[in-house]
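Chemist: In the order they appear, the protein sequences are chains A and B.
Residues in the first sequence are numbered from 1 upward in steps of one, following the UniProt record's numbering.
Residues in the second sequence are numbered from 1 upward in steps of one, following the UniProt record's numbering.
Number of protein chains: 2
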Amino acid sequence: MAAPGPPSACIGRVQRFERLKTRMARLHTLSLAALALGLVTAAALTPATAAPDQSAAVDPFIGTGGEGHTFPGAVAPFGMVQLSPDTDTTCTIRDCYGHAAGYRHDDPTIQGFSLTHFSGAGHSDLGDFLMMPASGDTVSLEPGDAKVPGSGYRSRFSHANEQAVPGYYAVTLDDAKVRAEMTAGTRVGVHRYTFRPGDAAHLVFDLRTSLYNYPGKMLWSSIRLHPDGTVTGTRETRGWAPDRKLFFAMRFSAPLKDHAFVDTEKDVTYKGFQGPGRGSDDLPERLGRALVARFDFGRLDRPLEAKVAISSVDEAGAIGNLDAEPGDFDAIRTGTTAAWARELGAVEIDAPAPMKRMLSTALYHTLIAPSVAGDADGRYRGPDNAVHKAEGFTFRSTFSLWDTFRAEQPLMTLIQPDRVNNEIVRSLVASQQVSPYGILPVWQFQGRETWTMIGYHAVPVIADAYLKGIRGFDADAALDAMVKSATYAPYGGLGEYMKRGYVPIDREPEAASKTVEYAYDDWTIARMAAAMGRKDVAAQFGKRAGNWRNSFDVKTGFLRARKADGSFRTPFDPTAINYGSDYTEGNAWQYSWFVPHDQAGLFRLMKGDKAVVAKLDQMFEYDNSKIDYSHAEDIAGLIGQYIHGNEPSHHVAYLYSYAGQPWRTQERLKQIVDSQYKATPEGLSGNDDLGQMSAWLVFTGLGFYPVAPGSLEYVIGRPFVNRAVLNLPNGRRFTIVTDGLSDANPYIGGVTLNGKPLDRGYLRHQEIVAGGELRFRMQATPNRNWATARSARPFSTSTARKGG
Amino acid sequence: MAAPGPPSACIGRVQRFERLKTRMARLHTLSLAALALGLVTAAALTPATAAPDQSAAVDPFIGTGGEGHTFPGAVAPFGMVQLSPDTDTTCTIRDCYGHAAGYRHDDPTIQGFSLTHFSGAGHSDLGDFLMMPASGDTVSLEPGDAKVPGSGYRSRFSHANEQAVPGYYAVTLDDAKVRAEMTAGTRVGVHRYTFRPGDAAHLVFDLRTSLYNYPGKMLWSSIRLHPDGTVTGTRETRGWAPDRKLFFAMRFSAPLKDHAFVDTEKDVTYKGFQGPGRGSDDLPERLGRALVARFDFGRLDRPLEAKVAISSVDEAGAIGNLDAEPGDFDAIRTGTTAAWARELGAVEIDAPAPMKRMLSTALYHTLIAPSVAGDADGRYRGPDNAVHKAEGFTFRSTFSLWDTFRAEQPLMTLIQPDRVNNEIVRSLVASQQVSPYGILPVWQFQGRETWTMIGYHAVPVIADAYLKGIRGFDADAALDAMVKSATYAPYGGLGEYMKRGYVPIDREPEAASKTVEYAYDDWTIARMAAAMGRKDVAAQFGKRAGNWRNSFDVKTGFLRARKADGSFRTPFDPTAINYGSDYTEGNAWQYSWFVPHDQAGLFRLMKGDKAVVAKLDQMFEYDNSKIDYSHAEDIAGLIGQYIHGNEPSHHVAYLYSYAGQPWRTQERLKQIVDSQYKATPEGLSGNDDLGQMSAWLVFTGLGFYPVAPGSLEYVIGRPFVNRAVLNLPNGRRFTIVTDGLSDANPYIGGVTLNGKPLDRGYLRHQEIVAGGELRFRMQATPNRNWATARSARPFSTSTARKGG
């Protein structure tokens with residue numbers, strides 16, 4: 001920043017530390033070692049009491065170990081910037097999966113702090129524009145070896161000196177001898193580094209690093225120092241998206257004394273000239289494929305701040321984004337802390353200690369994506385790689401739709417309907433309108449398509465929003481986009497699907513999964529079209545909604561892949577999980593249950609409720625001792641053949657209720673929650689997948705779950721909260737109260753809604769948004785009468801009546 | 001194009017050919033063989049009589065052999081597009097220099113037709129977006145080996161079947177069995193391909209090829225087929241400029257039946273997914289580093305046209321440029337033919353047969369650059385790689401300033417003053433204002449800086465324009481830009497130059513050349529500042545203008561490089577030419593004469609006129625038999641140590657006149673013209689350098705030359721025309737008449753201006769722009785009295801009087 005920040009003087013005296021000690025107990029505390037270094041700043045000691053209760057219960061470290069792939073760094077709600085530590089970007093291909101969010105809780109060093117991270121993705125990318133402070137006279141421009149301290153700019157650190165709350169992250173860098181703090185606004189990140197008194201302050205800014213940084217990923221980059229001290233630059237990478245441009249603009253709180261822009265690329269046939277004369281490293285510009293910068297500030301008497309904005313559009317956009325959020329570190333942090341308090345306040349949670357932390361953190365994780373992807377001036381980069389302008393909405397991206405259509409997006413329809421209609425749906429439709437393929441996003445980030453996973457699940461997201469009465473978008477354009485996406489023959493065997501009623505496995509891999517997911521998506525088109533009075537479209541897609549039957553093998557009782565000649569592919573092993581197999585990241589056990597819009601029809605094919613319950617039990621209790629899934633990514637969190645770490649299983653525990661045995665759902669939910677979620681870094685049993693794993697817990701914790709988005713119903717499971725309040729955007733409150741919550745009372749005894757007994761096993765969307773009180777009475781033994789009547793079961797038991 | 005072009009039916013009957021034969025005599029004729037193939041179109045047979053006399057005299061093949069580096073293809077005056085054949089883009093590094101303009105007249109095959117070419121550059125780049133037609137059932141997507149016919153999409157051709165006139169190029173492709181025609185508008189090129197009746201028509205569009213196509217040059221590219229049939233795309237290359245983005249938009253005259261977008265890149269660690277599903281080649285989009293496209297049209301009953309626009313801004317810019325110039329091949333050709341007639345009409349030339357062709361072609365070559373570089377909507381990419389908008393002018397680039405400040409730009413001040421002020425100067429200043437370095441362009445194309453050659457020669461271009469009364473730009477901003485460029489310490493040893501009064505060779509290579517060129521540029525700043533009343537600036541740079549003396553060694557009589565300690569570097573060999581030597585593409589023989597603003601001062605240091613004449617003779621008559629310059633590029637056209645193929649010598653023949661012996665200048669000019677220019681493909685003895693070699697001939701042919709741009713004077717040499725008329729933009733005519741022009745009369749007998757004897761050896765700029773008649777009388781023997789008086793000699797003999 002041009003204007004220096006307010007003084008944030010080092011303290012460093014032990015007696016003062018002693019006085020503060022009690023207040024610090026609630027934080028990930030700063031160690032005596034950090035104080036001995038003189039590194040602790042006043043801001044770092046600010047206790048979290050200023051934040052409301054809900055933020056204080058969030059632990060951003062949950063999911064940063066194991067397979068969670070979340071990041072602990074600073075992010076504003078749905079922010080474009082995720083400023084977070086990367087513990088290692090020098091991974092080999094296999095390790096990179098574990099570093100998908102840059103940070104692994106068990107790594108011993110931090111390489112630096114970069115601006116972009118996915119929250120729980122199953123693929124490694126981003127990690128743009130990594131910064132690392134350095135002290136003293138010599139500065140290495142290479143990260144060095146994590147096993148050899150001092151071999152590069154990376155630094156050892158200790159979790160004891162680390163703190164993370166929503167919008168703020170801090171750590172003491174032991175080798176760099178610097179206290180590092182991060183905060184983030186919507187499109188800016190602010191670094192604050194406190195150096196030891198007397199140490200010369202430097203920053204290393206590495207444009208080469210990336211999450212999953214294979215050879216050739218970097219297409220081009222540039223960095224430029226402007227006369228006013230602003231630093232801008234860009235990089236283009238070929239990564240998860242075929243290509244991606246990202247721009248930054250950065251200002252420092254202290255005047256720059258010197259700098260070096262170094263091109264480390266070797267073995268280039270021809271580089272031409274770079275810069276006037278002989279291109280010294282202190283020139284104002286450098287372009288190349290392997291750039292690293294050093295900024296030198298000399299000795300400072302206050303912490304050094306570096307405020308950075310990004311843009312997918314251009315450098316002017318990044319400068320505009322920087323200017324759009326004025327203020328220093330503390331100002332940005334204050335704003336973001338308030339924003340988190342506001343957003344997290346949508347669901348007040350009162351639950352036993354570990355559950356409150358798990359649920360609050362889960363809620364936090366649901367509020368990170370889809371991220372803002374458009375600039376403050378409305379411009380954004382679309383799937384055509386061209387720049388467009390969003391009129392009247394903020395363009396959003398990071399659409400992990402195969403995951404998030406299930407529970408993450410339905411949660412948004414309750415607590416963020418404005419974002420769903422004004423921003424997410426409009427962003428999806430705007431993307432379709434400029435897509436080179438004319439279809440809705442599949443897995444898109446920063447406006448760029450990755451073609452990851454299957455289905456056209458932007459469709460249920462839009463339909464669910466429309467059917468819930470969210471109408472802040474052009475419904476005709478949206479329906480047009482949905483139909484185009486569902487009829488684009490080259491996409492994932494859709495041509496064959498339209499011709500045959502199923503995707504043939506000898507023409508298209510993962511055919512069984514595609515067939516059933518397409519059929520569900522089709523049903524949501526039919527539902528929305530019917531609501532819009534578009535009978536032709538409703539009829540066309542209503543018919544297609546039944547296509548799941550064409551891939552179901554009544555003989556084995558499993559969903560199976562059929563060949564073009566109509567036969568099921570053999571050999572058939574319902575436990576096999578392989579890439580390019582009949583299923584997508586799963587097998588027949590998980591996928592055979594995927595008919596959210598017609599479970600009744602499915603159960604009939606499965607020979608009735610009794611057989612269904614037996615099959616569900618068989619799934620949960622499967623003996624995996626002879627099975628090895630170590631070759632398959634994202635297969636984690638196994639309970640028999642129920643795999644909670646990946647999405648196809650997410651609705652399955654609720655199916656007992658459809659079969660008339662809700663107490664079995666209640667049992668399974670406790671089993672899943674107890675085994676798959678923990679209030680620790682290893683607390684997520686699989687990738688959080690941009691909030692889906694967390695949204696499952698939020699809904700399940702409240703006592704209900706959207707098994708079939710588009711149905712306007714939520715299936716009642718069982719609550720894990722003492723009390724929770726949905727503070728709805730319409731000003732109403734929907735309160736969940738649980739009487740008798742304890743491990744000893746795993747079963748629902750009875751339910752009331754607004755004081756009246758609720759005998760059915762599901763809630764209607766309008767009942768929630770109307771506000772009111774849902775009251776559970778828990779007991780030690782199953783209530784085998786509650787919500788078991790056929791008429792009391794979730795909607796899908798009566799699909800025929802409800803259309804589709 | 002969406003609308004098909006008018007019918008252009010194949011003729012193919014021999015009797016009709018016989019009737020047309022006479023009319024075709026003036027063309028590079030089409031052979032009987034071509035007709036037998038059925039390839040000759042009506043348009044191709046249109047004789048050039050429609051074009052005015054001046055265009056008809058232009059032979060675009062001049063300079064396409066030897067070291068000329070010109071291209072024969074289609075270009076509009078100063079056009080952004082240069083649509084021209086590339087005979088080989090698969091050169092090795094050494095060969096690439098010879099293919100700097102894509103086409104070598106002695107190559108046996110054409111690889112394809114690409115959209116961008118430099119006219120006579122000393123460096124290979126461009127050659128963007130190469131197209132090649134293909135006939136029949138199988139189409140190769142690789143160029144193949146020129147030595148193995150049929151091994152790829154390239155084709156043999158014969159000069160007998162080739163035609164080139166301004167704005168139009170045609171050739172019969174023997175292997176492809178296609179007649180190919182090219183035309184170009186300002187920002188569009190139009191291909192027209194006539195296939196044999198019954199042959200399936202295809203186009204290969206290769207995004208991989210480039211002039212000097214070393215490994216890694218291609219950073220990224222993309223191609224996309226839009227629903228309306230428009231094809232767009234981009235590529236980013238690291239070439240002469242550190243990076244360069246170019247976009248295209250293309251439409252065809254016939255409906256597309258099929259297409260393939262193929263990614264030929266191998267050995268990539270990770271490519272991600274490209275396009276929906278499994279990414280077949282017929283999807284509407286492809287991105288990658290090695291793309292080639294095939295377009296299939298089936299059998300056509302009329303020629304196929306492909307109209308392509310380019311843009312440095314974005315694909316929308318390219319589409320806008322395509323739309324801004326409506327019309328089919330014939331319409332674009334008609335417009336460009338008229339534009340050439342208009343622009344070439346600025347100088348009417350009546351000269352003996354080969355000279356008329358040489359001069360008309362030279363004039364044509366001066367009207368190609370600086371090219372339009374901004375889009376039809378005013379947007380352009382600047383040296384900061386960002387997009388800007390030109391308000392009230394068209395942004396131009398391709399500034400080969402070290403070459404063109406000498407004669408090309410001064411010629412423009414006479415025949416194109418609007419372009420000089422409104423476009424060239426404004427483009428230069430606009431570039432400076434967004435330059436990361438804050439300085440004027442050095443060697444810039446498509447808005448991107450290459451840092452090639454030395455000096456800040458945008459400065460004399462602007463000063464010369466200002467001093468000549470061209471004022472359509474902000475003079476204060478221009479002077480500011482000039483001063484900043486002349487005081488930017490990191491550029492080419494300028495910091496040392498400002499400190500010491502010369503560039504020290506132990507701190508900066510090519511120090512001697514830099515010192516004298518800086519001193520001249522400084523003098524032009526002083527001149528312009530004085531004219532603006534900016535005495536401080538005039539004084540500062542007037543002083544610097546004398547710095548050339550600090551590098552002149554009176555003892556040896558040569559310009560030499562000094563070291564920081566003040567001594568001249570040894571050993572000293574005035575004939576040595578090496579990279580990184582004391583001089584830039586030259587040696588002491590050529591560079592010692594470079595004091596255009598103070599030849600009188602130089603001559604005094606050289607011990608007077610007599611010694612000067614002896615030294616000039618020694619230079620021209622130097623025995624090179626023991627010297628080998630084959631290691632040095634751009635050293636061609638040697639007459640002793642006078643090297644006409646490169647720019648430092650260009651003014652030297654005129655210096656005899658400064659020394660009081662104008663008849664010796666007259667002799668040398670005839671010697672140079674006779675030996676260095678021919679009306680053949682090998683007709684340029686060195687790179688045309690974006691018009692400088694040609695501008696030398698235009699001026700010299702007219703009888704005068706701008707030895708010192710900024711002086712407002714032209715030194716009289718001797719004319720090579722019978723008669724010429726400068727049709728000045730102010731509506732006046734300045735006529736040159738030569739009585740007694742013949743090889744037998746190499747000397748000027750006398751000169752009159754507007755009927756009155758002109759005894760001085762120079763013309764004033766205002767005398768030309770006032771219009772009038774300059775009449776030469778030629779004779780067989782020298783007139784040793786004309787223009788020999790000291791007061792009659794060119795201005796620089798009296799520098800002291802004129803300031804600077």
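The beta-carbon is built from N, C-alpha and C at its ideal position, and this holds for glycine as well.
Please list, in chain order, the residues of the segment 426 to 442 of chain A that have any C-beta partner in chain B closer than 8 Å.
Modeler: Residues PRO436, TYR437, GLY438, ILE439, VAL442.
Chemist: Could you tell me the alpha carbon to alpha carbon distance between B/PRO574 and B/LEU559, rounded to whole angstroms?
Modeler: B/LEU559 has its alpha-carbon roughly 9 Å from the corresponding atom of B/PRO574.
Chemist: Do we get a CB-CB distance below 7 Å when we pair B/GLU285 with the residues of chain A?
Modeler: yes
Chemist: Mind listing the chain B neighbours of A/PRO490? Cutoff is C-beta to C-beta under 7 Å, in chain order.
Modeler: PRO276, GLY277, SER280, LEU283
Chemist: Quick check on DSSP: helix, strand or coil for B/VAL595?
Modeler: Three-state DSSP puts B/VAL595 in coil, outside helix and strand.
Chemist: Determine whether the Cβ of A/LYS563 lies closer than 7 Å to any Cβ atom of chain B.
Modeler: No, A/LYS563 lies away from the interface with chain B (no Cβ there is under 7 Å from its Cβ).
Chemist: Please classify A/PRO795: does DSSP put it in a helix, a strand, or coil?
Modeler: The sequence given here places Phe at residue 795 of chain A; Pro does not occur at that position. It is helical.
Chemist: Which residues share a DSSP beta bridge with B/ASP220?
Modeler: The amino acid at residue 220 of chain B is misidentified as Asp; the sequence shows Trp. DSSP lists B/GLU236 as the bridge partner or partners of B/TRP220.
Chemist: When we look at the beta-carbon of A/THR738 and count the other beta-carbons within 10 Å, is it buried (16 or more) or exposed?
Modeler: buried
Chemist: Verify the CB distance criterion: does B/ASP106 have a CB-CB separation below 7 Å to chain A?
Modeler: Chain A, which has no Cβ nearer than 7 Å to the Cβ of B/ASP106, makes this no.
Chemist: Who are the Cβ neighbours of A/ASN783 in its own chain at under 8 Å, not counting the five residues just before and after it?
Modeler: The beta carbon of A/ASN783 sits closer than 8 Å to the beta carbons of TRP663, TYR747, ILE748, GLY749, GLY750 from its chain, once the five residues preceding and following it are set aside; these are given in chain order.
Chemist: Assuming B/ALA463 is part of the alpha helix (DSSP H), what are its boundary residues?
Modeler: Counting along the chain, the unbroken alpha helix (DSSP H) around B/ALA463 starts and ends at 458 to 467.
Chemist: For a contact defined as C-beta to C-beta under 7 Å, what are the partners of B/GLU315 on chain A?
Modeler: ALA386
Chemist: For A/GLU510, does the three-state DSSP call read helix, strand or coil?
Modeler: coil
Chemist: Which value, in whole angstroms, describes the spacing of the CA atoms of A/LEU367 and A/LEU359?
Modeler: 13 Å
Chemist: Pull the bridge partners of A/TYR677 from the DSSP assignment, please.
Modeler: Partner(s): A/LEU684.
Chemist: Let me know if A/PRO719 comes out buried or exposed under the rule of 16 or more other beta-carbons within 10 Å of its beta-carbon.
Modeler: Using a 10 angstroms sphere on the CB of A/PRO719, the tally of other CB atoms reaches 16 or more, which defines it as buried.
Chemist: Hey, would you say A/PRO242 sits closer than 7 Å to B/GLY378, going by beta carbons?
Modeler: It is not a contact, given that the beta carbons lie outside the stated cut-off.
Chemist: Can you pull the chain A residues whose beta carbon is under 8 Å from the beta carbon of B/ARG224, in chain order?
Modeler: Here the neighbours are ASP384, PRO436.
Chemist: Listed in chain order, which residues of the segment 234 to 249 of chain A have Cβ atoms closer than 9 Å to some Cβ of chain B?
Modeler: For the segment 234 to 249 of chain A, which is checked against every Cβ of chain B, the residues closer than 9 Å are THR234, GLU236, ARG238, GLY239, TRP240, ALA241, PRO242, ASP243.
Chemist: Might you give, ordered along the chain, the residues of its own chain that have their beta carbon closer than 8 Å to the beta carbon of A/THR450, omitting 5 neighbours on each side?
Modeler: HIS123, TRP240, ALA241, VAL442, TRP443, GLN444
Chemist: Which first and last residues belong to the beta strand (DSSP E) in which A/PHE734 is found?
Modeler: 733 to 739
Chemist: Pull up the distance between the alpha-carbon of A/TRP589 and that of A/THR524, whole angstroms please.
Modeler: Note on geometry: alpha-carbon atoms of A/TRP589 and A/THR524 lie some 24 Å from one another.
Chemist: Just to confirm the assignment, what range does the alpha helix (DSSP H) spanning A/MET693 have?
Modeler: Where A/MET693 is concerned, the enclosing alpha helix (DSSP H) stretches over 692 to 702.
Chemist: DSSP three-state label for A/THR22, please.
Modeler: The pLDDT assigned to A/THR22 is 39, lower than 50, so where the model puts this residue is not dependable; a value taken from the coordinates is nonetheless given after this. Residue state, collapsed to three classes: helix.
Chemist: Listing by chain order, which chain B residues have their CB less than 7 Å from the CB of A/VAL268?
Modeler: GLY216
Chemist: Classify A/THR109 as buried or exposed, calling it buried when 16 or more other Cβ atoms lie within 10 Å of its own Cβ.
Modeler: buried
Chemist: For the segment 450 to 466 of chain A, which residues have a CB atom closer than 9 Å to at least one CB atom of chain B, in sequence order?
Modeler: THR450, TRP451, THR452
Chemist: When you compare only the Cα positions, how much space is there between A/ALA458 and A/ARG527?
Modeler: 15 Å
Chemist: Mind checking whether A/ILE310 and A/LEU115 have CB atoms under 7 Å apart?
Modeler: yes
Chemist: What's the call for A/LEU45, buried or exposed, on a 16-neighbour Cβ count within 10 Å?
Modeler: Note that A/LEU45 scores a pLDDT of 40, beneath 50, so its modelled location is shaky and nothing firm can be said.
Chemist: Taking Cβ-Cβ distances shorter than 7 Å, what residues in chain B pair up with A/LEU219?
Modeler: LEU219, TRP220
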